[in-house]
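For reference, the structure discussed in these notes is given below.
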Amino acid sequence: MARILIVGATGLVGNELLQLLQGDPQVTAIVAPTRQPLPANEKTDNPVGEDLFELLSGLQQPVDIIFCCLGTTRKVAGSDANFRYVDYQLVVESALTGRRLGAQHCLVVSAVGANPRSSFLYNRTKGEMEQALREQNWPRLTLVRPSMLLGNRPSPRLMERLTAPLFKLLPGKWRSVAAKDVAQTLLEQAFSPGSGVRVLESDQLHRYGNVH
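Going by the working numbering, the sequence shown opens with residue 1, and the numbers climb by one from there.
What follows is the structure, encoded as structure tokens:
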């Protein structure tokens with residue numbers, strides 16, 4: 001039985017994962033801090049506030065596993081600094097909060113092409129975030145690197161709608177993947193045996209279902 005902290009529960013992957021967690025008998029309690037209220041659920045404690053750092057610092061309930069599904073784009077964030085705040089600082093702080101609360105396994109949604117030496121801001125930030133999490137010396141750390149995510153976003157991104165058909169045709173780890181498949185992978189990994197760091201590329205996430 002497990003107590004869960006999930007950060008990013010209103011996002012595309014996070015929302016799919018939250019529903020899986022709420023329906024899983026192995027999960028006894030869920031803490032899901034968000035900016036907007038979630039639908040009520042008997043398993044889920046949902047602290048709500050504009051400042052995620054503040055919400056995280058106020059958490060006290062012990063947890064066994066942390067999932068972090070935070071992520072944005074430079075365009076949505078509005079600036080390089082705002083993008084880095086979400087995809088680096090908030091992710092790192094979420095993981096540290098999980099450690100403080102006793103979690104032994106940290107599972108994080110990163111991205112295909114993550115590389116701290118990349119010349120591209122997006123890939124470099126994801127790579128630096130992964131590096132920072134490795135340096136936290138988790139007993140167990142799982143990093144998933146999906147390519148373009150497919151699913152029903154509350155606010156569809158125009159560029160993603162235009163390029164999604166092309167990404168379905170790409171080979172291997174570059175092919176687009178359904179958010180529900182990423183969520184299912186995270187859930188399976190959380191309750192499977194293992195230790196140390198494991199990285200799952202996008203082509204390892206397709207076996208849980210067909211991309212629609």
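In this text, a Cβ means the ideal position worked out from N, Cα and C, and glycines have one as well.
Shortest Cα-Cα distance from residue 177 to any of 105, 149, 107, 201 involves 149. With a 10 Å radius around the Cβ and a threshold of 16 neighbouring Cβ atoms, residue 67 comes out buried. For residue 48, no beta strand (DSSP E) encloses it, and the DSSP letter there is neither H nor E.
Per DSSP, the continuous alpha helix (DSSP H) segment holding residue 12 begins and ends at 12-22. Remark: C-beta atoms of residue 26 and residue 9 do not approach each other more closely than 8 Å.
The beta carbons of residue 187 and residue 20 sit closer together than 8 Å. Nearest Cα to residue 65 within the set 86, 99, 85: 99. Assignment of residue 63 by DSSP, reduced to helix, strand and coil, places it in the coil class. Separation of residue 189 and residue 32 (C-alpha to C-alpha, rounded to the nearest whole angstrom) is 19 Å. A distance below 8 Å between beta-carbons, with the five flanking residues on each side excluded, links residue 102 to the following residues of its chain, in chain order: 62, 63, 64. Here the C-alpha atom of residue 85 lies approximately 13 Å from the C-alpha atom of residue 121. Taking all protein chains shown into account, residue 49 has fewer than 16 neighbouring C-beta atoms within 10 Å of its C-beta and is therefore exposed. Burial check for residue 42: the Cβ neighbour count within 10 Å stays below 16, so the residue is exposed. Cβ neighbours of residue 37 within its own chain (closer than 8 Å, five residues either side excluded): 46, 48. Secondary structure note for residue 186: its alpha helix (DSSP H) is the uninterrupted segment 179-190.
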